[in-house]
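S.K.: Before I ask anything, let me first share the structure, which is written out below as structure tokens.
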Amino acid sequence: MLAPSSAARRLAAATTALFDVDPADTGATVAVLRSGLAAAYAGGLAVALDPRWRLRHTRAGTVEFDLAYFLACVSATIRDVEVPDRIQDSEALFGTAADAAVAAIAAYCRAASLCTRQAAERCPDRSARTDLMRTSGLWNALDAAWTADAPTQAEPTRLPRERPPRVP
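The end of the sequence shown is residue 168 by full-length UniProt numbering, with every number in the run present.
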């Protein structure tokens with residue numbers, strides 16, 4: 001059996017950290033969520049060269065951007081949030097290693113969605129609570145972007161065989 005990649009190990013550690021953080025401590029929860037998002041992003045970059053995951057990586061990128069935005073909004077409201085260090089480099093992953101990294105991303109997203117909902121229920125600030133509830137849905141969307149029953153290869157654009165008629 002292959003050893004897990006560094007991306008999968010970071011995501012497993014981030015998932016464990018979600019279960020260890022107190023949801024009532026919004027600042028600590030958001031810090032863990034942000035570092036986990038950075039790990040998920042790095043994991044996505046690691047599998048992006050595998051043709052089976054390329055299209056899903058593209059779909060996930062838009063959700064990751066929205067997650068980063070709303071977590072930054074919460075961080076602006078809650079002052080005691082630590083911003084994670086830069087995204088760590090990951091090796092390119094293919095085959096079963098890429099599949100394991102995507103499974104780790106999906107597991108993190110499911111745990112993050114639950115953690116975010118719990119933190120939102122306990123958050124005293126209304127604006128931060130709203131942004132946390134939005135991110136809960138976005139974690140589900142990121143999970144779906146990686147695991148949904150969608151084609152894993154981009155289909156080539158099919159051009160029409162005949163030219164459309166000219167309109168006078």
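Using N, Cα and C, we set each Cβ at its ideal position, and we do this for glycine too.
Since the model is a prediction, treat every value here as computed from it, not as a measurement.
Scan the segment 89-122 and note each continuous alpha helix (DSSP H) run of 4 residues or more that stays entirely inside, going in chain order.
M.R.: Listed in chain order, the complete alpha helix (DSSP H) runs (minimum 4 residues) inside the segment 89-122 are 95-122.
S.K.: For G36, which of F65, C73 and I105 has the nearest alpha-carbon?
M.R.: Mapped onto the sequence shown, residue 36 falls at position 36. For the residues F65, C73 and I105, the minimum Cα distance to G36 belongs to I105.
S.K.: With a threshold of 16 other CB atoms inside 10 Å of the CB of G95, please say whether the residue is buried or exposed.
M.R.: Working through the sequence shown from its first residue, we reach residue 95 at position 95. When all chains shown are included, G95 counts as exposed.
S.K.: Does A24 come out as helix, strand or coil in the three-state DSSP assignment?
M.R.: Numbered from its first residue, the sequence shown carries residue 24 at position 24. Of the three classes helix, strand and coil, the one that applies to A24 here is coil, per DSSP.
S.K.: Taking all protein chains shown into account, decide if R126 is buried (16 or more other Cβ within 10 angstroms of its Cβ) or exposed.
M.R.: On the sequence shown, position 126 is the one that residue 126 refers to. By the neighbour-count rule (16 or more Cβ atoms within 10 Å), R126 is not buried but exposed.
S.K.: Nearest-angstrom Cα distance between A24 and C73?
M.R.: Within the sequence shown, residue 24 is the residue found at index 24, counting from 1. Within the sequence shown, residue 73 is the residue found at index 73, counting from 1. Cα to Cα, the separation comes out at about 18 angstroms.
S.K.: How long is the line joining the alpha carbons of A101 and L93, rounded to whole angstroms?
M.R.: Within the sequence shown, residue 101 is the residue found at index 101, counting from 1. Within the sequence shown, residue 93 is the residue found at index 93, counting from 1. Between A101 and L93, the C-alpha separation is close to 8 angstroms.
S.K.: Starting from the C-beta of L132, find all residues in its chain whose C-beta is less than 7 angstroms away, skip the five residues before and the five after it, and write them out in chain order.
M.R.: The residue given as residue 132 occupies position 132 in the sequence shown. For L132, where only same-chain residues beyond five positions count, the Cβ hits under 7 angstroms are V74, T116, A119, A120 and C123.
S.K.: Under 8 angstroms between the Cβ atoms of L142 and A13?
M.R.: Within the sequence shown, the letter at position 142 stands for residue 142. Within the sequence shown, the letter at position 13 stands for residue 13. In this structure, A13 does not lie closer than 8 angstroms to L142 by Cβ.
S.K.: How far does the alpha helix (DSSP H) with L49 in it extend, from its first residue to its last?
M.R.: Taking the sequence shown and counting its residues from 1, the one referred to as residue 49 is at position 49. L49 -> no alpha helix (DSSP H), and no H or E assigned at all.
S.K.: Could you round the C-beta distance between A46 and A7 to whole angstroms and report it? I think they count as a contact, below 8 angstroms.
M.R.: Residue mapping note: residue 46 aligns to position 46 of the sequence shown, counting from 1. Residue mapping note: residue 7 aligns to position 7 of the sequence shown, counting from 1. Contact holds; Cβ gap of about 5 angstroms.
S.K.: Quick one: grab the DSSP three-state call for S5.
M.R.: For this step, residue 5 is matched to residue 5 along the sequence shown. Coil at S5, not helix or strand.
S.K.: In terms of alpha-carbon separation, which member of A38, T29 and A98 lies closest to T147?
M.R.: Reading the sequence shown from its first residue, position 147 is the one you call residue 147. Of A38, T29 and A98, the residue nearest in Cα terms is A98.
S.K.: Could you round the C-beta distance between R134 and F70 to whole angstroms and report it? I think they count as a contact, below 8 angstroms.
M.R.: To locate residue 134, count along the sequence shown from 1; it is residue 134. To locate residue 70, count along the sequence shown from 1; it is residue 70. Rounded, the Cβ-Cβ distance is 5 angstroms, consistent with contact.
S.K.: For A145, which of D20, R129, F19 and A107 has the nearest alpha-carbon?
M.R.: Sequence index remark: in the sequence shown, residue 145 carries index 145 (1-based). Answer by Cα proximity: A107.
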